[in-house]
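Contents: one structure, followed by commentary.
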Amino acid sequence: MQEQVQESKRQFLERPKNPAYAITADDSDTPASRYETRLQTPWDSGTRLAHRKLDTLGHGSFGIVHKAVDMHSGEHLAVKSIRLNPRQRNDYSRKTIKREVEILHGLFHPHLAEFRHSQGFQHDDDNVEIFMTLYDGNLEHLLHERPEFPQEKALIRELFRQTLSAVVYLAHKSILHRDIKPANILFSENCHWVLADFGLAKFQDEGLTRAGSGHFMAPEILSGGRQTHKVDVYSLGMTMLYSLSSHDLRQRIHGAEPLRESPDFQTALGRLSRLNALLREDPEQRSTAQQIYLGFFGDDPEILSQPPAEIPEPVSVNIFAEAARVQAPTTLGRQQPFGKRLLLNQRKIRKEARRRAAGLQD
1 MQEQVQESKR QFLERPKNPA YAITADDSDT PASRYETRLQ TPWDSGTRLA HRKLDTLGHG
61 SFGIVHKAVD MHSGEHLAVK SIRLNPRQRN DYSRKTIKRE VEILHGLFHP HLAEFRHSQG
121 FQHDDDNVEI FMTLYDGNLE HLLHERPEFP QEKALIRELF RQTLSAVVYL AHKSILHRDI
181 KPANILFSEN CHWVLADFGL AKFQDEGLTR AGSGHFMAPE ILSGGRQTHK VDVYSLGMTM
241 LYSLSSHDLR QRIHGAEPLR ESPDFQTALG RLSRLNALLR EDPEQRSTAQ QIYLGFFGDD
301 PEILSQPPAE IPEPVSVNIF AEAARVQAPT TLGRQQPFGK RLLLNQRKIR KEARRRAAGL
361 QD
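Residues 1 to 362 (full-length UniProt numbering) are what the sequence shown spells out, left to right.
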């Protein structure tokens, strides 16, 4: 397995060097090149970042995402511009956006896209800008450019492990991403995968909203039901099924026609039976991200320390369509000592993981 991973990484690195990286010698074949030297200059979030926009990376109802260069450090970043319409220019709307951006700023996980800076809150303008680390590409484009990618089992396993660990972390932090799909999974050199939020980022006026992308959305979102962290489990399951499917089934997943009863989908689900734990229509029967990780990859102390947070009703939805912040429940009554509760909880998790592991086997 280790040899497969190393070989897959070697092939992955045989790509044109990314211009997002600084260069120390124009035509050098040494490690001191674009692959190794990235400028890292922190800045105060209260200051305005001088930058110049370069290529357009994406656009939609939320605004436009550009590749940009920091005029002070020379580092390349991704900047998302959210243009406030007249209804959203009041202090409340601006403060709401800022509060939610600060939540994203407070998330620290190696497999979540890195938030770098934001501005536009302290100034009397209509444009809020959010700066993120610039990555090499996304899974959607990779599947299009490399049709053989689904056959590279070692890379697929790492893709699943890394993104699943991010979903475990978000569930523990009471954050719902709500828009996991191939276009929102980015990669950088050395097979490093991150969940990103560039798919949807429009201001939400209502509370519980329908957010997500077509067949990647969990059924409870489509039906307007109660949303928990298991919506992200479903979306990740659909993303993995999509990544391992034929071109025809991918086209169907992107389409508007009913999917679950189609022969292609049922055949794929039968072939990839381990994904059933992620793709159960009833969220009560769907496994948690933590249970799935332990069932696939075995005990991991860090994962065991991140049980999903309880989500009370009503759910408080993030202004970004891809992320929802919920309040942690208030626990009433007498509690056992924390150490004892943690030990009992871990025993329960292990027992449940072993029970479900049987259902995760081919």
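Even glycine gets a Cβ: it sits at the ideal position worked out from N, Cα and C.
Residue i, DSSP secondary structure in three states
i: glutamine 228; result: A small correction: the amino acid at residue 228 is threonine; glutamine does not occupy that position in the sequence shown. It is coil, neither helix nor strand.
i: histidine 72; result: coil
i: threonine 56; result: strand
i: isoleucine 175; result: strand
i: leucine 272; result: coil
i: arginine 334; result: The pLDDT assigned to arginine 334 is 35, lower than 50, so where the model puts this residue is not dependable, and the model offers no usable value.
i: histidine 215; result: helix
i: leucine 244; result: coil
i: arginine 146; result: coil
i: serine 235; result: helix
i: arginine 286; result: coil
i: valine 317; result: Because valine 317 sits at a pLDDT of 38, beneath the cut-off of 50, its placement in the model cannot be relied upon, and the following sentence gives the value as read from the coordinates. Valine 317: coil per DSSP, three-state reduction.
i: arginine 280; result: coil
i: leucine 104; result: helix
i: lysine 181; result: coil
DSSP bridge partner residues for residue i (one or two, in chain order)
i: glutamate 129; result: Ser81, Gln119
i: valine 194; result: Leu186
i: lysine 67; result: Ala78
i: glycine 137; result: Phe187
i: leucine 112; result: Leu195
i: histidine 51; result: Asp70
Rounded Cβ spacing between residue i and residue j (contact assumed at less than 8 angstroms)
i: asparagine 138; j: isoleucine 185; result: 6 angstroms
i: leucine 176; j: leucine 112; result: At roughly 14 angstroms, the Cβ-Cβ gap does not stay under 8 angstroms, so leucine 176 and leucine 112 are not in contact.
i: tyrosine 234; j: arginine 286; result: 7 angstroms
i: phenylalanine 115; j: valine 79; result: Actually they do not touch by this definition, with Cβ atoms about 12 angstroms apart.
i: histidine 172; j: glutamine 306; result: 4 angstroms
i: lysine 67; j: leucine 134; result: 6 angstroms
i: glutamate 189; j: aspartate 248; result: So it is not a contact: roughly 32 angstroms between Cβ atoms.
i: phenylalanine 160; j: methionine 240; result: 6 angstroms
i: valine 69; j: histidine 76; result: 6 angstroms
i: leucine 244; j: phenylalanine 187; result: Not a contact, Cβ separation roughly 17 angstroms.
i: leucine 278; j: leucine 236; result: 6 angstroms
i: threonine 228; j: proline 263; result: Rounded, the Cβ-Cβ distance is 31 angstroms, inconsistent with contact.
Within 7 angstroms, strictly: CB atoms of residue i and residue j
i: residue 368; j: glutamate 140; result: Past the boundaries of the shown model lies residue 368; the chain is included only from 1 to 362, so the question cannot be answered.
i: tyrosine 293; j: leucine 170; result: no
i: valine 231; j: arginine 178; result: yes
i: serine 174; j: alanine 309; result: yes
i: valine 168; j: isoleucine 253; result: no
i: isoleucine 103; j: serine 81; result: no
i: phenylalanine 216; j: methionine 238; result: yes
i: glutamine 162; j: tryptophan 193; result: yes
i: alanine 166; j: histidine 109; result: yes
Extent of the continuous alpha helix (DSSP H) to which residue i belongs
i: glutamate 257; result: No alpha helix (DSSP H) holds glutamate 257; DSSP gives it neither H nor E.
i: alanine 171; result: 153-172
i: isoleucine 292; result: 289-297
i: isoleucine 303; result: 301-304
i: proline 308; result: First-last for proline 308: undefined, no H or E at that position.
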